[in-house]
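Below: the structure, in structure tokens.
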Amino acid sequence: MDKKALYESVLLQASGLIEPGLKPVSLFANITALLKQNIPYLSWCGFYLKNEDRSLYLGPFQGLVATTHIPFEKGVCGKAAREEKTVIVEDVHAFPGHIACDAGSQSEIVVPLLHHGILLGVLDLDSYDHAAFDTIDQYYLERLMQQVVESLS
Ligand code: SME
Numbered sequence: 160m161d162k163k164a165l166y167e168s169v170l171l172q173a174s175g176l177i178e179p180g181l182k183p184v185s186l187f188a189n190i191t192a193l194l195k196q197n198i199p200y201l202s203w204c205g206f207y208l209k210n211e212d213r214s215l216y217l218g219p220f221q222g223l224v225a226t227t228h229i230p231f232e233k234g235v236c237g238k239a240a241r242e243e244k245t246v247i248v249e250d251v252h253a254f255p256g257h258i259a260c261d262a263g264s265q266s267e268i269v270v271p272l273l274h275h276g277i278l279l280g281v282l283d284l285d286s287y288d289h290a291a292f293d294t295i296d297q298y299y300l301e302r303l304m305q306q307v308v309e310s311l312s
């Protein structure tokens, strides 16, 4: 599979979703749909957005119903939010504190959404495949989040 080609297409399509005055939640919703439609190894993708109290709440997503509240101290999403860095987990069963929303999930990547250095939330992608995500996913998903935040400025 040519991941780079998949993501180049995602970035191009994402630029077509951005329009002046668009509400962030509408863009977030379409970004999750775009990813789910284009990246075949995703089982779930969605945003968790930041509360004032160092926790995250479920935002727009594609996939099975999911946990609605994640403290910064918990899970892969909490780690990415706490450290404001992308976290790649090859085997979720080996990650202490992983929050299982779908028993079939095997690997995960969580990318922070930072607006002028302020954390807005995270983008979470899950897969039924072991070690589905690597630095190519990281590179392109970080670029995608950059594209998203620039459109909010
Ligand atoms: N696995 C995540 C929780 C969210 S679900 O994957 C949708 C975590 O450990 O933070």
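The sequence shown lines up with residues 160 to 312 when you count with our numbering. The beta carbon of each residue, even a glycine, is placed where N, CA and C say it ideally should be.
The ligand SME heavy atom lying under 6 Å from the CB of ASP285 = Here residue 285 is taken as the residue at index 126 of the sequence shown, counted from 1. Under cutoff, so the answer is yes.
ask   = Which same chain residues, not among the five before or five after GLU267, have their C-beta less than 6 Å away from its C-beta?
value = If you number the sequence shown from 1, residue 267 lands on position 108. Cβ within range, chain order: VAL235, VAL248, VAL251, ASP285.
key: Where the beta strand (DSSP E) through VAL246 begins and ends   = As a first step, residue 246 must be located in the sequence shown, where it is residue number 87. First-last of the beta strand (DSSP E) with VAL246: 246 to 248.
request  = Assign GLY234 to one of three DSSP states: helix, strand, or coil.
outcome  = Position 75 of the sequence shown, counted from the start, is the residue given in the question as residue 234. Three-state result, GLY234: helix.
key: Between the CA atoms of LEU193 and GLN172 - distance to the nearest angstrom   = For the purposes of this step, residue 172 is taken as the residue at position 13 of the sequence shown. For the purposes of this step, residue 193 is taken as the residue at position 34 of the sequence shown. Rounded to the nearest angstrom, the gap between the Cα atoms of GLN172 and LEU193 is 8 Å.
query = Relative to the ligand SME, is the shortest distance from any of its heavy atoms to the C-beta of ALA225 smaller than 6 Å?
reply = Here residue 225 refers to the residue found at position 66 of the sequence shown. Within the cutoff, so yes.
task = Report back the beta-carbon spacing between VAL224 and LEU272 to the nearest angstrom; my notes put them in contact at under 8 Å.
result = The residue given as residue 224 occupies position 65 in the sequence shown. The residue given as residue 272 occupies position 113 in the sequence shown. Contact flag wrong, Cβ pair sits at about 22 Å.
key: Buried or exposed by the 16-neighbour rule on C-beta atoms within 10 Å, applied to VAL269   = Taking the first residue of the sequence shown as 1, we reach residue 269 at position 110. The residue in question, VAL269, is buried, as its Cβ has 16 or more Cβ neighbours within 10 Å.
task = Taking LYS195 and LEU278 to be in contact with their CB atoms under 8 Å, please state how far apart those CB atoms are, rounded to whole angstroms.
result = Mapped onto the sequence shown, residue 195 falls at position 36. Mapped onto the sequence shown, residue 278 falls at position 119. Rounded, the Cβ-Cβ distance is 24 Å, inconsistent with contact.
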